[in-house]
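Engineer: If you scroll down you'll find the structure; I have some questions about it.
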Ligand code: CP
Ligand code: NVA
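In our numbering, the protein residues as written are 19 to 320.
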């Protein structure tokens, strides 16, 4: 297989995405049985993180260890990247030493530039625009609980952020209907909405949006890098809190997801994570299994 990157979900075909989801479920079963599987022995994954992380970092590091390989966590505070060494040079050098690079950064364009100069697969661990690894886990989780998501009604409540953009990509690849309930001025990428007008729509009223939903998803109101907007956003977004009362408008068997970390009392009510519809802890665990399936796909098919 030619060199493949995973910068957005659209780097995969529908068939490949479904294959990765199935593989993630199988790898999870094997892992829980205690079976050792080390397809990445002696392989090294570099993790360049310019923003904080718990789930993404730990799932990639644990996944590499379970696969028999190792990982290197590179904070810009300690590397020359943080002192202004050009992205292009860092990409050329690092990719001569490691087998794959995972990057969490601000501008998506920076990740794209790194990938253009990398001789090994580059994985998006979150940018301001997209968070595709989270969608692998979210789609795996939906499949585990309910089977195919094709034709289902998924409702995004809240900010039209990196997660929302990635849900639009998922809707277009997996053919579900995505309704976005965001306040005016906080819509996802206009270009993405236009390109995916057949499977996405905006509904400003969260109650109307959630009506008859199969899956309801939300995320923080102020993403990493928007901390100074927090107070203003809290006011604008207050009608968009997901609570058991809002979930009551969805289908009785609807699921609730949140990529975490969550702010109780803001985008979700205090009791939402423990509500009967919530699958957030499985969703978080599945980051491990889904990314192992992704690493295997990118590194073992080469
Ligand atoms: N959901 C997610 O990406 O979490 P972290 O920021 O902890 O990695
Ligand atoms: N939208 C959030 C997701 C965190 C996992 C952020 O970018 O901070």
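Positions of the beta carbon are idealized from the N, C-alpha and C atoms, including for glycine. Treat the numbers as computed from the prediction; the structure is a model and nothing was measured.
Taking 7 angstroms as the limit between beta carbons, can you name the residues of its chain near residue 180, skipping five residues before and five after?
Structural biologist: Hits under 7 angstroms: 144, 145, 146, 147, 148, 149 and 241.
Engineer: Would the beta-carbon of residue 175 fall within 8 angstroms of that of residue 234?
Structural biologist: Against a cut-off of 8 angstroms, the Cβ pair of residue 234 and residue 175 comes out as a contact.
Engineer: Would residue 139 and residue 307 be called neighbours here (beta carbons separated by less than 8 angstroms)?
Structural biologist: No, the Cβ-Cβ distance between residue 139 and residue 307 is not below 8 angstroms.
Engineer: CB residue 39 to CB residue 157, shorter than 8 angstroms?
Structural biologist: Cβ distance < 8 angstroms, so residue 39 and residue 157 count as in contact.
Engineer: Given this structure, state the Cα-to-Cα distance separating residue 290 from residue 231, to the nearest angstrom.
Structural biologist: Their backbone Cα atoms lie some 16 angstroms apart in a straight line.
Engineer: From 85, 91, 283 and 151, pick the residue whose C-alpha is nearest to that of residue 184; which is it?
Structural biologist: Per the Cα distances, 151.
Engineer: Do residue 89 and residue 65 have their C-beta atoms within less than 8 angstroms of each other?
Structural biologist: In this structure, residue 65 lies closer than 8 angstroms to residue 89 by Cβ.
Engineer: Around the Cβ of residue 19, are there at least 16 other Cβ atoms within 10 angstroms (buried) or fewer (exposed)?
Structural biologist: That one is exposed.
Engineer: To the nearest angstrom, how far is the alpha carbon of residue 227 from that of residue 249?
Structural biologist: Between residue 227 and residue 249, the C-alpha separation is close to 25 angstroms.
Engineer: Assuming residue 298 and residue 265 are in contact, meaning their beta carbons sit under 8 angstroms apart, how far apart are those beta carbons, in whole angstroms?
Structural biologist: The Cβ separation is near 13 angstroms, so there is no contact.
Engineer: Going by the beta-carbon positions, is the gap between residue 17 and residue 137 smaller than 8 angstroms?
Structural biologist: Past the boundaries of the shown model lies residue 17; the chain is included only from 19 to 320, so the question cannot be answered.
Engineer: For residue 207, I'd like the list of residues in its chain whose CB is within less than 6 angstroms of its CB, leaving aside the five on either flank, ordered along the chain.
Structural biologist: Excluding residues within five positions, the ones whose Cβ falls inside 6 angstroms are 183.
Engineer: Using three-state DSSP, classify residue 140 as helix, strand or coil.
Structural biologist: Looking at residue 140 - three-state DSSP - the assignment turns out to be strand.
Engineer: Got a sec, what are the start and stop residues for the alpha helix (DSSP H) residue 41 sits in?
Structural biologist: Element bounds for residue 41: 32 to 51.
Engineer: Let me know if residue 55 comes out buried or exposed under the rule of 16 or more other beta-carbons within 10 Å of its beta-carbon.
Structural biologist: That one is exposed.
Engineer: Would you say residue 277 touches ligand 1, meaning its beta carbon is less than 7 angstroms from a heavy atom?
Structural biologist: The answer is yes for residue 277.
Engineer: Within its chain, find whatever has a CB closer than 7 angstroms to the CB of residue 311; leave out the 5 residues flanking it on each side and keep chain order.
Structural biologist: Hits under 7 angstroms: 38, 41, 42 and 45.
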